[in-house]
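Written as structure tokens, this is what we have:
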């Protein structure tokens, strides 16, 4: 009698459960990272536009709010930005936490931070 090779039904079910949990995790984690990248892109666009050289802090905040509305950024507003000057160069920084519920009492907490300083 030869030994059978392959995946049993229980092994298949466990593998499917693991794949479903990983897919759920990816689906829940992707949007916050996409928003973080959009925020970094908006800050970089404001810096590269050159309008910050002569703009006030309020103008920079308004420029970010305009871009945030277009890009559907909800985690950070213009008021959350820290705008400073470093050696004559305007630096825009931001930091925010993002909590994502996975299951009933299990959630993930992300601490995002970024800056226009290179």
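Residue numbers (the working numbering): 260 to 377. We put the CB at the ideal spot given by N, CA and C, even for glycine.
Inter-residue spacing [alpha-carbon to alpha-carbon] between residue 225 and residue 274: Outside the displayed range of the chain (260 to 377) lies residue 225, so it cannot be described from this structure.
Span of the alpha helix (DSSP H), counted from its first residue to its last, around residue 302: 268–308
Test item: CB-CB of residue 299 and residue 345 under 9 Å: no
Nearest neighbour of residue 365, chosen from 317, 310, 284 [CA to CA]: 284
Whole-angstrom distance between residue 261 and residue 292, CA atom to CA atom: 51 Å
Reduced DSSP secondary structure (H/G/I, E/B, other) of residue 372: strand
Which listed residue (290, 264, 347, 372) has its alpha carbon closest to that of residue 341: 372
Sub-9 Å separation of residue 306 and residue 349 beta-carbons: yes
Cβ shell of residue 358 (< 6 Å), same chain only, five flanking positions each side left out: 366, 368
Close-in-space but distant-in-sequence residues of the same chain around residue 326 (CB under 8 Å, 5 per side omitted): 301, 304, 305, 332
Residue 352 versus 319, 282, 361, residue with shortest Cα-Cα distance: 319
Endpoints, beta strand (DSSP E) assigned at residue 349: 348–360
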